[in-house]
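Structure, as structure tokens:
Number of protein chains: 2
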Amino acid sequence: MTDESLKAVVLLSGGLDSATTAAIARERQFGVYALSFRYGQRHEVETAAARRVAESLGVVRHVEQTIDLRCFGGSALTGAIDVPKSTAGPPAAGGIPPTYVPARNTIFLAFALAYAEAIGSRDIFIGVSAVDYSGYPDCRPEFIAAFEHLANLATKIGVERGGIAIHAPLMSLSKADIIRQGLRLGVDYSFTHSCYDPDTQGRACGLCDSCHLRRRGFAEAGVPDPTVYAAPPLGA
Amino acid sequence: MTDESLKAVVLLSGGLDSATTAAIARERQFGVYALSFRYGQRHEVETAAARRVAESLGVVRHVEQTIDLRCFGGSALTGAIDVPKSTAGPPAAGGIPPTYVPARNTIFLAFALAYAEAIGSRDIFIGVSAVDYSGYPDCRPEFIAAFEHLANLATKIGVERGGIAIHAPLMSLSKADIIRQGLRLGVDYSFTHSCYDPDTQGRACGLCDSCHLRRRGFAEAGVPDPTVYAAPPLGA
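Chains A and B supply the protein sequences, listed in that same order. The numbering of the first sequence is my numbering, which starts it at 1 and goes up by one. The numbering of the second sequence is my numbering, which starts it at 237 and goes up by one.
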């Protein structure tokens, strides 16, 4: 095993998925170099969660990159439109939801690639899943494969030494499966944050798509959900 | 011709190549949406040049994105190592030069893709050339093709309507050819800036790879070079 194979760049949003992904990278013997973004979110809650998760997992280093996606135009997550809410449960499959942020994962992976090359790593982890929330085009396996191909053409380390890998270990897992994996690896989900629209005290709304998926994931996994929601569970 | 086909996002560094590229996009009847980056360059000269060029070409809009590439680690253009200088003329071909910035064009194109999607454009222009300065892996035609493939998988506009194009109109042109094209299209090269290491008055050093290529380009094109260099031309 070479030195390079021991370092992994992990995209860390502070959500349930990326926390689990970081724990999986750690289990695979990688030193975790976490990368988070401040990109004009409505809330600071997400970046605070990323810091708590990074610390609790004992990452080697945690870098925050500030970028401005608001200057280009609208999406719910950058503050330009309202987050859709529903008391009817998780979103139905099909179509690209309004919470989609243009080219977000392409931008995140591009920075991860720069970080990986700078530290001599050839392994990048991203916590996307095509099972729950397949509406985003940049969460699909074909997107990840295309980025991996690009990465090996785009960089000195890819051209000269080859073998940059984009790992998406959650790709085929449901939210319940992700939670089961994470609990096995010691992830403390009380540190994570999923809600698109938390209140002023940082509590999850309980009504956005992300809250519905999270709540259902814990229910299906049959384990307690440590999240404090502002709205009661469905049917309560 | 649809509305989308009339808007193009053009990566604009303020250098000779990107100014020519923007002029080519304009000639092809696109409204130009220019995108520049402040990324921890040693100098503000480059961003000032980008503004002058954008204004002189009459772009529709010019957005500047500030990103931090220094937090990841070293490259000459981000301030961590010295810019190589020589009195022996342009660099020889072969190898990736130390001025290479990890994943830079991948990051730039990722932001251009977000911008394009936000404004409903399906055309992105980048002024890379594989002729002079083919040492950078992310200036090659196979890199551009791989990014175009990625772009059509990564975005709502690519998936739903298809046909995002990454234009690299300078790819097969020498520096002299680029200058001839630009002059034909009315580019004022006195507004542009190429030097990797200008002095405190913003004058080009005349000794870095970029200065050598620029100076040789004007000489080969047989037109006056409007650049003020701190060092005299070779053999003077």
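C-beta: ideal position from N, C-alpha, C; glycine also.
Pair within 8 angstroms by beta-carbon distance, residue i and residue j
i, j, result
"Cys139 of chain A", "Ala146 of chain A", "no"
"Phe427 of chain B", "Arg262 of chain B", "no"
"Leu113 of chain A", "Thr155 of chain A", "yes"
"Asp209 of chain A", "Phe218 of chain A", "no"
"Thr463 of chain B", "Phe361 of chain B", "no"
"Val423 of chain B", "Ala259 of chain B", "yes"
"Leu150 of chain A", "Leu386 of chain B", "yes"
"Phe111 of chain A", "Tyr351 of chain B", "no"
"Ile67 of chain A", "Ile414 of chain B", "no"
Start-to-end residues for the beta strand (DSSP E) that takes in residue i
i, result
"Ala401 of chain B", "401-403"
"Gln301 of chain B", "297-302"
"Asp359 of chain B", "359-361"
"Gly202 of chain A", "No beta strand (DSSP E) holds Gly202 of chain A; DSSP gives it neither H nor E."
"Ser272 of chain B", "267-274"
Own chain, CB closer than 7 angstroms to residue i, minus 5 neighbours either side, in chain order
i, result
"Glu240 of chain B", "Because Glu240 of chain B carries a pLDDT of 46, less than 50, the predicted location of this residue cannot be relied on, and the following value inherits that uncertainty. So the qualifying residues of the chain are Gly356, Ser357, Arg358."
"Ala404 of chain B", "Ile362, Val364, Ile380"
"Ser292 of chain B", "Asp424, Phe427"
"Gly162 of chain A", "Asn152"
"Cys195 of chain A", "Ala204, Cys205, Cys208, Ser210, Cys211"
Proximity to residue i [Cα-Cα], best of the options
i, options, result
"Pro232 of chain A", "A:Gly222, A:Cys211, A:Thr192", "A:Cys211"
"Phe37 of chain A", "A:Pro102, A:Ala154, A:Thr192, A:Thr47", "A:Thr47"
"Gly418 of chain B", "B:Thr463, B:Arg439, B:Ala440, B:Ala255", "B:Ala255"
"Arg416 of chain B", "B:Leu242, B:Ala244, B:Leu252, B:Lys243", "B:Leu252"
"Lys165 of chain A", "A:Leu153, A:Glu64, A:Ala176", "Before going further, note that residue 165 of chain A is Ala rather than Lys in the sequence given. For the residues A:Leu153, A:Glu64, A:Ala176, the minimum Cα distance to Ala165 of chain A belongs to A:Leu153."
"Ser410 of chain B", "B:Gly438, B:Glu456, B:Thr436", "B:Glu456"
"Ala159 of chain A", "B:Ala339, B:Arg306, B:Lys243", "What sits at residue 159 of chain A in the sequence shown is Val, not Ala. Ranking B:Ala339, B:Arg306, B:Lys243 by Cα distance to Val159 of chain A puts B:Ala339 first."
"Arg439 of chain B", "B:Leu421, B:Tyr372, B:Tyr432, B:Tyr465", "B:Tyr465"
"Glu353 of chain B", "B:Arg420, B:Pro377, B:Ile393", "B:Ile393"
"Pro377 of chain B", "B:Ala244, B:Cys431, B:Asn341", "B:Asn341"
"Ala244 of chain B", "B:Gln437, B:Ile414, B:Leu345, B:Cys431", "B:Leu345"
For residue i, the three-state DSSP class (helix, strand or coil)
i, result
"Gly251 of chain B", "coil"
"Val245 of chain B", "strand"
"Asp138 of chain A", "helix"
"Ser194 of chain A", "coil"
"Gly158 of chain A", "helix"
"Tyr336 of chain B", "coil"
"Glu240 of chain B", "Bear in mind that a pLDDT of 46 at Glu240 of chain B, under 50, signals an unreliable position, so the model cannot answer this."
"Ala366 of chain B", "coil"
"Arg306 of chain B", "coil"
"Arg262 of chain B", "helix"
Residue range of the alpha helix (DSSP H) that includes residue i
i, result
"Phe454 of chain B", "445-457"
"Lys321 of chain B", "Per DSSP, Lys321 of chain B belongs to no alpha helix (DSSP H) and is neither H nor E."
"Phe383 of chain B", "377-390"
"Gly418 of chain B", "411-420"
"Tyr351 of chain B", "340-355"
"Thr463 of chain B", "Careful: Thr463 of chain B lies outside any alpha helix (DSSP H) and carries neither H nor E."
"Arg288 of chain B", "281-293"
Same chain only: Cβ atoms within 6 angstroms of residue i, ignoring 5 sequence neighbours per side
i, result
"Ala34 of chain A", "Val10, Leu12, Ala54, Val59, His62"
"His193 of chain A", "Gly14, Val45, Glu46, Ala49"
"Asp199 of chain A", "Ala230"
"Ala176 of chain A", "Gly217, Glu220, Ala221"
"Glu384 of chain B", "Ile402"
"Lys85 of chain A", "Leu207, Cys208"
Contact with chain C by residue i, beta-carbon distance below 8 angstroms
i, result
"Asp445 of chain B", "Reference to chain C is not applicable here, since the protein chains of this structure are A and B."
Cβ neighbours of residue i in the same chain (closer than 8 angstroms, five flanking residues each side left out)
i, result
"Leu6 of chain A", "Gln29, Phe30, Gly31"
"Leu421 of chain B", "Thr256, Ala259, Ile260, Arg262, Glu263"
"Ser408 of chain B", "Ser365, Ala366, Val367"
"Gln65 of chain A", "Leu35, Ser36, Phe37, Arg38, Phe111"
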